[in-house]
Each structure stands twice: as C-alpha cells, then as structure tokens.
Amino acid sequence: LMPHGKRNQAGVAFYKDVIKATKENGMQPLVTLYHWDLPAGLDWREKSVVDAYVKYADLVFSEFIDHVDDFITFNEPWVFCKLGYQLGIHAPGVKSTADDLKCGHHVLLAHGKAVKLFRSKYQRKGKRIGITLNHEWRVPHNPSDPKDVTRTQGAIDSQLGWFADPIYLGDYPKTLKARWGKKMPVFTPAEKELLKGSSDFFGLNMYTTLYESHEDGSSYERFSVPIGPEAASIWLYPAPFGVAQLLKYVQNRYNPPSIIITENGVSAVNEEYMPNPRKQKITLKDSFRLTYYSEYIRQVAVAVVHYGAKVEGYFAWSMMDNLEWADGYDKRFGLQYVDFDAPERPRYMKESAKYLGTLIPSVRAQIDTCKLSTQ
C-alpha cells in the first residue's frame, strides 16, 4: 500500500477487490494492518517507526473504512519482537533482550496512536479496532510447588501480559518490571492513558499449552510424557483443555468487551507427503486436524457456557495451506490442500473443512441451550 512511504493506487485497488469478493461470498472481513512485513528502511528498535506506522494506518483507514467494520493493528507482536530481536530467528536477526523490549514498547505506542487516530477521525457506529495477541497457555509442572506456580504466572506475564496489561490495565506487569529492571522501557502518564482501553475486542491466537517448572523451565513434557500428541510443527502439541483455561483467564483478568479467536489450528505429521489429489483423485483425509478442531472448539464452548468468556468469533488457521514463514510450505495448516507444484496452485478440500461446516452449528446450538458438560 505504501512503497517508499507513498500511496500505491494499484495496491489500494487490489485490496478493495479482495474485500469486495469476500463480502460478496457472505464473509465478514477482519483486516489486519501489520502481520510482520516491515519495510526494509524501518526498524522496531527506533521510535521513528511509530509515526511511520500511524501514517500508514491513516491511509488504510481512509481507504477502507467504508468497506470494513473491524480492524486489527498488529498480529502477534510477541512473536515478531521475540524472534526478530531476542532470538535472532526472523529478520533482522538480532539477539538482544533490550532490543526485544524496545520493539514491544514501540509496537504498543504505535498501536495506541493508531487507535487514537481511528477513534478521533474515523469512528462511527459499527466500526471497531483491536489487536491480536498470541499465547500458549501455561500450567505448573507441579501445582503443589509454589515456585512452579510463581514461574507459571511469570511466563504468562512475559508473553500475554507484556502487551495485554498495558492495553487493558494501563501498564506493564510488575513481574516484568522486576525481572528486567532498567532494561524495561517506561511509559509516561500520557502514554498509559493512551493505551488503557485501546482495544474494542481481544484478538487471541492460541494453539498449544506448556508446563512451567522453576527448575527446568518451559516444556511440552512432564515426567517424559508429552502434554499432547505430536504435530508437524515442533512447537505444537494439541492440548484442548488449555484454550478453555486461557479464555477464562483473559475474561477474568482483562474483562474485554468481547473476544475473537483469530487463529487456531494444527499442522498434521507427514501431511507434506499427502498424496497429490490432482494426480490421484482422492478425498484428503486429515483425521488428526479433524480431531483437533472438534476438541478445541468444544473447549471454547465450555469457556463460554461455564466461565462466562465473551467469545464472539472463531477463525480456523488456515483456510488453505500457505507459507509458514521460516518453515516454508512443508508445514500444512490448511483446511484445503494447495498443490504448490502446479503453476495455477489448485486447491482441494480436506475432510476437516467439510467437518467444520457441521461442527460449528452443532456446538453453537449446544451453547444456546447451555447443554454442555465440562468433561
């Protein structure tokens, strides 16, 4: 939309066509302004990126406010700050805790200023803006050990609370301030006011759950037993109980007006070797993914009925197989198989896609009648 800081009419027209087609097919678009694609001349360590982002947001709002009701400022800031500035896995490949914290701080300020602009210049009835945060739910390795319990809360604060606390409560968690000391950036009173209440809904991405031990750190195993079956992605072990507990936590701690699960899904083991339907004319059976969605969506319903979580929407990740960043095309999350070897990239529906079409109305009916056990 803004190569070299200037409006690109071709880009604007492209996205308007996408949004139009989406709505014509009975879908409601939820537009994300930033999903990790930072222009090469900008850097989240520099405060100047904040104003550059707000300028970009102004363009997006001005062009699309008449076509879109809901906007998301950022998708998973914890990931692109942590992987880009502390772990050095993603661009720009930096390994620095101080830079990681600067990244998060500037993202929050950019979010707050963009929301202020939206509400002062573009707000009208039915239009909303929020942010999407990711979190792997955490449970103590030993629930009877106070040190494990303390570490668990610290892990939640370090991932979810790092961004959610300023946006909903007005400042960073005390645990982060104590942990990082002078490395932790500080908000001015005006910045705290800018951030508090700056999201009309809580966008939440959730895939898995981790154990926390004060001795061994974070792990997907306890006593050599995995928390769930192995998925294709090394960071993903299905543990459906975690999504209900996470939703309960978000509702109780932050009390958002509503919650939208903006990503939830799984990559199945060996699916990269799935028979090519273009050549073999078969129905693609993905029972692992089908089970994942069945169990996770049921736990979302448990959170709604039994814990009072104000969940208004759910997005499966993803509609089709896609580029999974550093994992390339090998890890397939899609409800539709994409033949990446064919120039036209044909798509083929998997069993899980058809199953979701019957599962969601069924669970919705159970929620409406409140006939849902917690088991």
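With positions in the sequence shown counted from 1, the corresponding number in the numbering used here is that position plus 1023.
Even for Gly, the Cβ is constructed at its ideal location relative to N, Cα and C.
Note that the structure is predicted; figures quoted are calculated from it, not measured.
Range covered by the beta strand (DSSP E) that runs through A1162: Per the sequence shown, the amino acid found at residue 1162 is Val instead of Ala. Counting along the chain, the beta strand (DSSP E) containing V1162 begins and ends at W1160 to P1163.
Contact set for T1198: own chain, Cβ-Cβ below 6 Å, skip 5 residues either direction: G1177 and D1180
First through last residue of the beta strand (DSSP E) which encompasses R1370: Here the beta strand (DSSP E) through R1370 covers R1370 to M1372.
Within the segment 1253-1311, ranges of the beta strand (DSSP E) (whole runs, at least 3 residues): Counting whole runs of 3 or more residues, the segment 1253-1311 contains the beta strand (DSSP E) stretches 1282-1286.
C-beta atoms of V1266 and W1160 nearer than 9 Å: yes
Rounded straight-line distance, which links the Cα of Q1389 to that of C1126: Those two C-alpha atoms are separated by around 43 Å.
For N1098, the residue or residues it bridges with in DSSP: T1155
Nearest-angstrom Cα separation, counted from A1255 out to S1290: 5 Å
For D1391, the three-state DSSP class (helix, strand or coil): helix
Simplified DSSP state of T1231, which is helix, strand or coil: coil
Continuous beta strand (DSSP E) stretch holding G1336: start and end: V1334 to Y1337
Buried/exposed call for D1122, threshold 16 Cβ in 10 Å: buried
Assigned secondary structure, G1127 (DSSP; H/G/I helix, E/B strand, else coil): G1127 falls in the helix class under three-state DSSP.
DSSP three-state assignment for Y1360, whether helix, strand or coil: strand
Burial state of V1292 (16 or more Cβ within 10 Å): exposed
Entirely enclosed alpha helix (DSSP H) segments - the segment 1166-1229, minimum 4 residues: 1169-1179, 1185-1191, 1197-1203 and 1212-1218
V1041, enclosing alpha helix (DSSP H) - first and last residue: Q1032 to E1047
Per-residue burial, Q1032 [other beta carbons within 10 Å of its own, 16 or more giving buried]: exposed
Contact check, P1062 vs P1026, beta carbons under 9 Å: yes
Start-to-end residues for the alpha helix (DSSP H) that takes in V1073: Taken as a continuous stretch (DSSP letters only), the alpha helix (DSSP H) holding V1073 covers S1071 to F1087.
Of the listed residues S1085, P1189 and K1105, nearest to R1147 (C-alpha basis): S1085
Cβ-based burial, H1058 [other Cβ within 10 Å; buried from 16]: exposed
C-beta atoms of Y1315 and P1249 nearer than 9 Å: Taking 9 Å as the Cβ cut-off, Y1315 and P1249 do not qualify as a contacting pair.
Beta-bridge pairing of V1054 - partner residues as DSSP gives them: F1094
Under the three-state DSSP convention, the category E1244 falls into: Correct three-state label for E1244: strand.
Touch test, the segment 1270-1279 against the segment 1186-1206, Cβ-Cβ under 8 Å, three pairs minimum: yes
Status (buried if at least 16 other CB within 10 Å, exposed otherwise) for V1138: With 16 or more Cβ atoms within 10 Å of its Cβ, V1138 is classed as buried.
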